Amino acid sequence: MPDILFHQYDSSPFSEKVRVCLGIKKLAWAAVDQPVIMPKPELVALTGGYRRIPVMQIGADIYCDSQLIVRELERRFPEPTLFPQGDHGLAHANAMWSDRAVFQAAVAIIFGGLGDKVPAAFINDRAALSGRPFNPAAMQAAVPHMEAQLRAHVALLSDQLADGRRFLTGDRAGLVDANGYYNLWFIHSAFPTAASLFESIAHVPEWLERVKAIGHGKRSAVSREDALDIARTTEPMAGTVAPRDAELEGKRVTVAADDYGRDAVDGLLVGSSEHHVSISREDPQAGQVVVHFPRIGFSVQN
Ligand SMILES: N[C@@H](CCC(=O)N[C@@H](CS)C(=O)NCC(=O)O)C(=O)O
1 MPDILFHQYD SSPFSEKVRV CLGIKKLAWA AVDQPVIMPK PELVALTGGY
51 RRIPVMQIGA DIYCDSQLIV RELERRFPEP TLFPQGDHGL AHANAMWSDR
101 AVFQAAVAII FGGLGDKVPA AFINDRAALS GRPFNPAAMQ AAVPHMEAQL
151 RAHVALLSDQ LADGRRFLTG DRAGLVDANG YYNLWFIHSA FPTAASLFES
201 IAHVPEWLER VKAIGHGKRS AVSREDALDI ARTTEPMAGT VAPRDAELEG
251 KRVTVAADDY GRDAVDGLLV GSSEHHVSIS REDPQAGQVV VHFPRIGFSV
301 QN
């Protein structure tokens, strides 16, 4: 069984970002399929309350958010790299563009386009997730603006590819390709009529095909129950705490996303850096686990 257990669902765009990175790295991994809406009892047993998808599990270490998952994949499996030109900082910063601006446009185009075809259970779940009404019918009014936004964002990809390069930073694919790709994949798979928005933008369709051809690495499957068993029967890795967090070492802290899905997770601070924070918690089903979060987009309270 592969070490990488990837809690995901197939239609999830942020999961697709990571699946492309797993493909670039040619890694073997097991999908642990999670429901698209709450409840997700096995997932929250592992995370302590964080409900978003994707989450990566390696033994009893639980990595939340695609930003940190990608960082950890690069740390553990450096070759082939996700940063073929270097530029680590810029490539990670580029996720703030894809995960916020482009994602917001994709969501409005897809759900505004689907309108009353979106199931009520999904609408209610996403309203609870965001803490705001989730109203596909109202999103329809924003579709023309969001389509213009999307085209302008995709034009940036086209500019980047204009000199004939195969991928966004050169001849080898990397994280920025996964970032640029997954929202267009999301539109294409969830609301294919809207794909006409970018199918005629120069260089983009060929590049999308190239990224698709990378594939997802070597995928297998593990059940949610088995994933919990693996957490319970393994020890989490030891971490180190950054000097600026020394006073918090071993103390109880609460970590929560600052945008949506803000369910707070609490535990003892056992690791940190400028890029991540790690907390240890004991769970009746998952045993002792360490849950890791990125710094960007997450608050840490004590
Ligand atoms: N910043 C997060 C965003 C993750 C996110 O929004 N995921 C969506 C699915 S693609 C989600 O969790 N939706 C609610 C759910 O699946 O319960 C990341 O990069 O992982």
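Per full-length UniProt numbering, the very first residue in the sequence shown carries number 1; after that it's consecutive.
Think of the CB as a built atom: it goes at the ideal place given N, C-alpha and C, for glycine as much as any other residue.
Note that the structure is predicted; figures quoted are calculated from it, not measured.
- Between V118 and P133, the gap from beta carbon to beta carbon reaches 7 Å or more.
- DSSP links H292 through a beta bridge to Y63, S278.
- Boundaries of the alpha helix (DSSP H) harbouring W207: 204 to 214, taken from the DSSP string.
- At least one heavy atom of ligand 1 sits closer than 6 Å to the Cβ of D65.
- G48 and D266 have their C-alpha atoms some 7 Å from each other.
- Assignment of F111 by DSSP, reduced to helix, strand and coil, places it in the helix class.
- For I123, the enclosing alpha helix (DSSP H) has its first and last residue at 120 to 130.
- In this structure, the beta-carbon distance from L150 to L197 falls below 7 Å.
- A check of alpha carbon separations from E274 across A91, D245, E42, A264 identifies D245 as the nearest.
- Pairing T234 with G59 gives a Cβ-Cβ distance under 7 Å.
- Pairing V270 with V300 gives a Cβ-Cβ distance that is not under 7 Å.
- Runs of beta strand (DSSP E) with 3 or more residues, each lying fully within the segment 51 to 97, are found at 55 to 58, 61 to 64, listed in chain order.
- In terms of Cα proximity to K218, the closest of Q34, L22, A173, W97 is L22.
- In this structure, R52 has its beta carbon less than 6 Å from a heavy atom of ligand 1.
- In this structure, ligand 1 has no non-hydrogen atom nearer than 6 Å to the beta-carbon of F186.
- The residues D61, in chain order, have a CB closer than 6 Å to that of M237 in the same chain once the five nearest residues on each side in sequence are set aside.
- Using a Cβ distance threshold of 7 Å, A221 and A30 count as a contacting pair.
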